[in-house]
Structure formats: C-alpha cells, structure tokens
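**Student:** One structure, as structure tokens, below. Some questions next.
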Amino acid sequence: DKRIVDWLADSFQQEEGIDLRSDKQALQRLTETAEKAKMELSNLTQTAISLPFITATADGPKHIDTNLTRQKFEEICSDLIDRCRVPVESALKDASLSLSDIQEVILVGGSTRIPAVQALVKSLTGKDPNLTVNPDECVALGAAVQAGVLGGEVSDIVLLDVTPLSLGLETLGGVLTKIIPRNTTLPTSKSEVFSTAADGQTSVEINVCQGEREFVKDNKQVGNFKLDGIPPAPRGVPQIEVKFDLDANGILSVSATDKGTGKVADIKITGASTLADDEVERMMKDAEANAEADQAQRDAVDTKNQADSAVYQTKKQLEEFGDKAPADLKSTVEDKLKALEEAVAADNIADMKSGQEALQEAMMALGQAVYSQGAPGPEAGGAPGAEAGRGSATR
Numbered sequence: 032d033k034r035i036v037d038w039l040a041d042s043f044q045q046e047e048g049i050d051l052r053s054d055k056q057a058l059q060r061l062t063e064t065a066e067k068a069k070m071e072l073s074n075l076t077q078t079a080i081s082l083p084f085i086t087a088t089a090d091g092p093k094h095i096d097t098n099l100t101r102q103k104f105e106e107i108c109s110d111l112i113d114r115c116r117v118p119v120e121s122a123l124k125d126a127s128l129s130l131s132d133i134q135e136v137i138l139v140g141g142s143t144r145i146p147a148v149q150a151l152v153k154s155l156t157g158k159d160p161n162l163t164v165n166p167d168e169c170v171a172l173g174a175a176v177q178a179g180v181l182g183g184e185v186s187d188i189v190l191l192d193v194t195p196l197s198l199g200l201e202t203l204g205g206v207l208t209k210i211i212p213r214n215t216t217l218p219t220s221k222s223e224v225f226s227t228a229a230d231g232q233t234s235v236e237i238n239v240c241q242g243e244r245e246f247v248k249d250n251k252q253v254g255n256f257k258l259d260g261i262p263p264a265p266r267g268v269p270q271i272e273v274k275f276d277l278d279a280n281g282i283l284s285v286s287a288t289d290k291g292t293g294k295v296a297d298i299k300i301t302g303a304s305t306l307a308d309d310e311v312e313r314m315m316k317d318a319e320a321n322a323e324a325d326q327a328q329r330d331a332v333d334t335k336n337q338a339d340s341a342v343y344q345t346k347k348q349l350e351e352f353g354d355k356a357p358a359d360l361k362s363t364v365e366d367k368l369k370a371l372e373e374a375v376a377a378d379n380i381a382d383m384k385s386g387q388e389a390l391q392e393a394m395m396a397l398g399q400a401v402y403s404q405g406a407p408g409p410e411a412g413g414a415p416g417a418e419a420g421r422g423s424a425t426r
C-alpha cells in the first residue's frame with residue numbers, strides 16, 4: 032500500500048510541487064485509495080484512481096485522476112516481492128526439506144492474492160498454489176485445528192512447536208557452543224561431553240545462553256550455575272556431560288555431571304522458547320548483520336585455542352619421551368614450540384597457523400625417531416581446541 036501511496040504522492044509533487052504526505056487528511060485518503068487499488072489489481076490489469084479535491088492552493092482545488100496498471104504496480108513493488116524468496120528458502124533449510132518434499136502450497140494473508148506473489152510461489156516450488164482456501168481465514172482454520180488437538184477431538188494431526196533461537200553454553204574464548212539449534216522440534220533432549228581448561232581445576236561454570244551470534248557477550252544469558260568437587264587432574268582429563276532438556280512448555284533443564292564421580296549440578300529455566308516475536312526477529316537480524324565479522328573473530332579464537340592445546344600436548348609428549356628423544360630432533364621441536372608460544376602470547380593468528388604446522392612436522396619426525404627405538408608412544412590427549420578457560424565447561 033505504501034508503495035502506491037508514494038507513487039501517487041511523488042507524481043503529484045512533480046506536477047504540482049506539493050507533498051501530500053505532509054497533509055494528514057490527504058495522506059489518509061491516499062492510503063485508503065492505495066489499498067483499494069491494490070485489491071482491484073489482483074483481478075484487473077488496470078484500475079482508475081480518482082481523488083477529487085485532494086488539496087487546494089491559492090489557484091484553487093487540486094485533484095488526482097490517473098490510472099495504475101498491474102505492470103506498474105508490480106514494478107514499484109518488485110523488490111518487496113523478491114524479498115519473499117528468503118523466508119521461503121530459510122524455512123525449507125531450517126526444516127531440512129527440499130522443494131521436492133513439498134506436496135501442496137497454501138497461501139496465507141490477503142496480499143497473497145497478488146498475481147506476482149502467486150507467480151513467485153510457483154517459480155520457487157514448481158507447484159500452483161492451492162487457491163481453494165481463503166487466505167484471510169487460514170490463520171483461524173489453523174487455530175481451530177489446534178483447538179481440536181488440545182481438546183482431544185482431533186487425533187490424527189500433531190502440531191509441534193520449535194525453539195525460536197539456539198541454546199548453548201560458553202566455552203573457551205567466550206564462544207557460544209550451541210547444544211540445541213534453532214527450529215529444533217519440542218520437546219527435545221541433547222547432551223555433549225566437555226572437559227576442564229586448566230590442570231587441577233576442581234569446578235566448572237556453566238553459562239547458559241540463547242541466540243545466534245558466535246560469542247556469548249552478543250547473546251542473551253538465561254542461566255548460570257557451577258559444578259564443584261571435580262577431583263584435581265590434568266586439563267582435558269575430567270569428563271563433564273552437559274545435558275539440555277527442553278520440554279513442550281519451553282522449560283529448559285540443564286544438568287552437568289562429572290562422569291568420574293557422578294556428582295551433578297543443575298538448573299531449571301522457564302521461558303527459554305517463549306520470546307516475543309519482535310525480540311526473536313531483532314536477534315536474528317542482528318546475527319545476520321554481524322555474521323561475517325563474527326565468523327572471522329570465531330576463526331581467530333578457534334586458532335588460538337588449537338595453538339594453546341598444541342603447546343600443552345607437545346610439552347606433555349616431550350616429558351613422556353624423556354631421554355628416548357634424539358637431542359637434535361628434540362631441539363628442533365623445542366624451537367618450534369617456543370615460536371608457537373610467542374605467537375600465542377602476541378595474538379598473532381597468522382604465526383599461530385604456520386607455527387602449528389611447523390610444530391606438527393617437527394613432532395612427527397621426533398615421534399618416528401622415538402618409535403624406531405621402541406619407545407612407548409605418547410598418551411592420547413584431547414583434540415586441539417578441545418579445552419576451555421575461566422572455569423567454563425568446554426568440549
């Protein structure tokens with residue numbers, strides 16, 4: 032409607048030098064006429080627009096008398112119609128469906144009567160939309176079906192809610208590790224195993240967050256608790272299972288279990304999947320706008336985590352090799368190790384990447400030499416980047 036209003040107002044301003052949008056009464060008449068013209072163009076290829084005495088000047092009353100064709104209407108609204116592609120494609124992606132999985136297309140809302148919208152739907156899906164259902168009544172019909180399900184009168188249809196935003200916890204570097212992705216069907220239960228970030232760490236803090244950004248600081252914190260009493264051990268050794276249970280009412284239960292001792296800590300969070308639609312939309316737009324920058328920062332954090340883990344594992348393996356390690360090869364490894372430590376301390380991402388590769392090559396040469404002497408291999412360690420800091424749980 033607004034595009035038609037602007038088209039009429041711009042045309043009038045070019046001819047008369049008057050912007051009707053600054054006149055509240057004239058703007059109201061333009062808006063009512065625009066809606067009427069839009070509806071008529073769903074059935075006609077052209078409509079007449081007549082607005083007598085729309086305003087007046089010293090020269091007398093002014094009128095609008097023009098025609099709007101369907102082609103012109105589609106032209107001034109083309110970008111809005113094209114924007115409809117993204118929600119359709121996103122919905123299919125979130126539901127893990129392809130166009131071939133769609134059996135029927137039902138249109139919802141009065142604006143879906145616009146021929147260009149129907150043509151877009153057909154071009155996207157390859158199917159003619161079902162026009163037997165009144166677009167203005169679809170929402171009411173859906174509500175009636177849901178009422179029938181809740182009342183027990185309808186048993187062959189199941190309507191499922193989904194979580195609007197991802198739920199996860201903070202890991203090393205302030206990263207949000209997602210446990211329950213957005214659009215997961217409710218109820219759901221998912222768990223992952225994490226470990227400690229430092230030697231001798233006896234507790235982990237579970238910081239539960241909701242959102243689509245890569246870092247906790249940019250998302251919504253919904254809960255926080257701590258698991259204490261973890262027996263002191265080298266980092267990466269304790270096994271902490273974190274479980275997320277989200278029920279059909281949007282109540283989130285999060286538990287952390289030390290698999291070694293069986294000790295459990297938990298928290299219950301209400302309203303985890305009941306955010307207002309405008310809040311969800313705001314957070315999604317925020318995530319989309321910052322996706323590229325967030326990913327670059329996430330890659331940098333992951334690289335640093337991997338480099339730090341590589342330093343830790345290398346030192347551990349050198350201790351295990353002991354005197355079995357040839358002096359020249361051990362010296363090379365120590366040089367590469369020092370270079371990588373300096374890169375980590377300086378936050379030099381490029382040097383961290385090249386340093387990890389150089390250290391890995393040196394360690395492979397050292398390991399081959401040690402094994403050829405029949406020395407025992409190093410103990411299995413956590414994967415690079417598998418640890419976390421600040422007492423937070425980590426994978």
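Just so you know, we're using this note's numbering here: the sequence shown kicks off at 32 and counts up by one.
Using N, Cα and C, we set each Cβ at its ideal position, and we do this for glycine too.
(1) Cβ of A13 within 7 Å of Cβ of L217?
(2) Would you grab the beta carbon distance between R329 and E245 for me? Rounded to a whole angstrom, and I think it's under 8 Å.
(3) Is the beta carbon of L206 sitting closer than 7 Å to the one on V332?
(4) In whole angstroms, give me the CA-to-CA distance for F104 and D41.
(5) Given a cut-off of 7 Å on the beta-carbon distance, is the pair V311 and P195 in contact?
(6) Quick one: give me the first and last residue of the alpha helix (DSSP H) that D253 is part of.
(7) Could you tell me which of V268, N250, I210 sits nearest to G231, measuring between CA atoms?
(8) Excluding five sequence neighbours on each side, which residues of the same chain lie with their C-beta closer than 8 Å to the C-beta of D54?
(9) Kindly provide the ranges of any beta strand (DSSP E) runs that are 3 or more residues long and lie completely inside the segment 172 to 258, ordered along the chain.
(10) When the Cα atoms are used, what is the spatial distance from G67 to I298?
(11) Nearest by alpha-carbon distance to V224: which of T233, V164, S286 is it?
(12) Would you check if there are 3 or more beta carbon pairs closer than 8 Å linking the segment 178 to 187 to the segment 152 to 167?
(13) Excluding the 5 residues preceding and the 5 following K367 in the sequence, name in chain order all residues of the same chain whose CB lies nearer than 6 Å to its CB.
(14) My understanding is that Q404 touches K361, with C-beta atoms under 8 Å, so please give their C-beta distance in whole angstroms.
(15) Between the alpha carbons of T363 and K369, how many angstroms are there, rounded?
(16) In this structure, how does DSSP classify P409 when only helix, strand and coil are distinguished?
(17) Along the beta strand (DSSP E) that carries P83, what are the first and last residues, could you check?
(18) Give the secondary structure of S286 by DSSP, where H, G and I count as helix, E and B as strand, and everything else as coil.
**Tutor:** This is what the structure gives:
(1) Here the chain covers residues 32 to 426 and nothing more, so residue 13 does not appear.
(2) Translated into the one-based positions of the sequence shown, residue 329 becomes position 298. Translated into the one-based positions of the sequence shown, residue 245 becomes position 214. Your pair R329 and E245 checks out as a contact, with CB atoms roughly 4 Å apart and the cut at 8 Å.
(3) The residue given as residue 206 occupies position 175 in the sequence shown. The residue given as residue 332 occupies position 301 in the sequence shown. Note on identity: in this sequence residue 206 is Val, with Leu being the wrong assignment. Going by C-beta atoms, V206 is nearer than 7 Å to V332.
(4) The residue labelled residue 104 in the question sits at position 73 within the sequence shown. The residue labelled residue 41 in the question sits at position 10 within the sequence shown. Each residue's CA atom was taken as its position, placing F104 and D41 some 14 Å apart.
(5) Within the sequence shown, numbered from 1, the residue matching residue 311 stands at position 280. Within the sequence shown, numbered from 1, the residue matching residue 195 stands at position 164. Taking a C-beta distance under 7 Å as the contact criterion, V311 and P195 qualify as a contact pair.
(6) In the sequence shown, residue 253 corresponds to position 222, counting from 1. Residue 253 is actually Val in this sequence, not Asp. Annotation: V253 is outside any alpha helix (DSSP H); the continuous beta strand (DSSP E) that includes it extends over 251 to 258.
(7) As a first step, residue 231 is located in the sequence shown; it is residue number 200 there, counting from the start. Checking every option, the nearest Cα to that of G231 belongs to V268.
(8) The sequence position of residue 54 within the sequence shown is 23, counting from 1. T86, listed in sequence order.
(9) For secondary structure counted as the beta strand (DSSP E) over 3 or more consecutive residues, the segment 172 to 258 holds these complete runs in sequence order: 198 to 202, 206 to 211, 219 to 225, 235 to 241, 251 to 258.
(10) The residue you call residue 67 lines up with position 36 of the sequence shown. The residue you call residue 298 lines up with position 267 of the sequence shown. What sits at residue 67 in the sequence shown is Lys, not Gly. Using only the alpha carbons, I get a separation of about 55 Å.
(11) Residue 224 sits at position 193 when you count from the first residue of the sequence shown. Cα-wise, what sits closest to V224 is S286.
(12) Three or more beta-carbon pairs separated by less than 8 Å are not found between the segment 178 to 187 and the segment 152 to 167, which leaves the two stretches without contact.
(13) Within the sequence shown, the letter at position 336 stands for residue 367. For K367, the CB contacts under 6 Å within the same chain, skipping 5 residues up- and downstream, are A389, L390, A393 in chain order.
(14) Residue mapping note: residue 404 aligns to position 373 of the sequence shown, counting from 1. Residue mapping note: residue 361 aligns to position 330 of the sequence shown, counting from 1. Actually they are not in contact, since the Cβ atoms of Q404 and K361 sit about 13 Å apart, beyond 8 Å.
(15) Within the sequence shown, residue 363 is the residue found at index 332, counting from 1. Within the sequence shown, residue 369 is the residue found at index 338, counting from 1. Rounded to the nearest angstrom, the two C-alpha atoms are 10 Å apart.
(16) As a working note, residue 409 is residue 378 in the sequence shown. With a pLDDT of 45 at P409, under the threshold of 50, the modelled position of this residue cannot be trusted; read the value that follows with caution. Looking at P409 - three-state DSSP - the assignment turns out to be coil, as it is neither helix nor strand.
(17) Position 52 of the sequence shown, counting from 1, holds the residue named residue 83. Boundaries of the beta strand (DSSP E) harbouring P83: 77 to 88, taken from the DSSP string.
(18) Numbered from its first residue, the sequence shown carries residue 286 at position 255. When DSSP states are grouped into helix, strand and coil, S286 belongs to the strand group.
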